[in-house]
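This report refers to the structure that appears directly beneath it.
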Amino acid sequence: MAQLDIINVPDPLLKTKSTPVDKVDADVRRLLDDMLETMYAAPGIGLAAIQVAVAKRMIVMDTAAEGEDKRPQFFINPEVVWESDEVNTYSEGCLSVPEHYADVERPASVRVKYLDYDGNMQEDLMEGLNATCIQHEIDHLNGVVFIDYLSRLKRNMIIKKVQKATKDSVVL
Ligand code: GNR
Ligand code: NI
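According to our numbering, the sequence shown is numbered sequentially starting from 4.
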C-alpha cells in the first residue's frame, strides 16, 4: 500500500471528465487500496481517483463516524439511476480545497449502480451523509468540484486562498 499525493484547485486535472474502468483487475484494486490509505491518512470520508491525478471512474468512501468500526466502500463506474425530490443541505469540504467549507444543496437520497471491489454489479439506496458524499465524488468524476456551485466571486476567493496557503507551505 502507498499514500498518494492529492492535487488541489485550480489544478486543471480537477476539470477532467474521467473515463470508465473497463476491467476490475489487480491494477484497479491496487489503486483502490492506495486511494483508501490516502483518504484515511488525509483524513477524509471520500476520495475520487482524479484527486490523485488518475482520470478513471473510481471512488473510495468511508462515512463511519470517528470511533466506529471502519466501513470502506468502493465504487467503480458509478451511476445515479434515481434521485429523490427531497433535498438536503450539507456543509461540504473537499480534500482538493483544503480548509474551506460551504453549504451545498443536493438530492437527499440517491440510488446508485456501480461495480464493487470484486467487479460485481451492485445497486444501493444511499441516504444522509452517504448520499451527499457519493454525489460529491461522482461530481469529481465529471470534472465538478463543490465550489463550482458557489458564486464566481466566492469561488475565486477560495481558489486564491488555497493557492496562497499551498505556496506558503512550500516556503515554510
Ligand atoms: O472528506 C470529505 N468530507 C466531505 C464532507 C462533506 C461533503 C463531502 C465531503 S467529501 C470530502 C473528501 C473529498 O474531497 N472527496 O472528494
Ligand atoms: Ni472532494
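Note that beta-carbon positions come from the ideal geometry of N, C-alpha and C, so glycine has one too. As the structure is a computational prediction, the values presented were derived from the model and not from experiment.
Sequence-distant residues of its chain with Cβ nearer than 6 Å to residue i (five each side left out)
| i | result |
| --- | --- |
| LYS116 | GLU82, VAL84 and GLU126 |
| LEU50 | MET38, MET42 and VAL63 |
Contacting residues, own chain, Cβ-Cβ under 8 Å from residue i (five flanking each side not counted)
| i | result |
| --- | --- |
| VAL148 | VAL12, LEU17, CYS97, SER99, VAL100 and ASP142 |
Simplified DSSP assignment, three categories, for residue i
| i | result |
| --- | --- |
| PRO110 | strand |
| MET160 | helix |
| ILE79 | strand |
Residue i Cβ short of 7 Å to the ligand GNR heavy atom set
| i | result |
| --- | --- |
| GLY96 | yes |
| GLU71 | no |
| TYR93 | yes |
| THR41 | no |
| ALA51 | yes |
Any non-hydrogen atom of the ligand NI closer than 7 Å to residue i Cβ
| i | result |
| --- | --- |
| SER202 | Because the chain in this structure spans residues 4 to 175, residue 202 falls outside the shown range and cannot be described. |
| HIS143 | yes |
| HIS139 | yes |
heavy atom of the ligand COA below 7 Å from residue i C-beta
| i | result |
| --- | --- |
| GLY122 | This structure does not include the ligand COA; its bound ligands are the ligand GNR and the ligand NI. |
*Does the region 19-36 come close enough to the region 53-65 to have 3 or more Cβ pairs within less than 8 Å?*
yes
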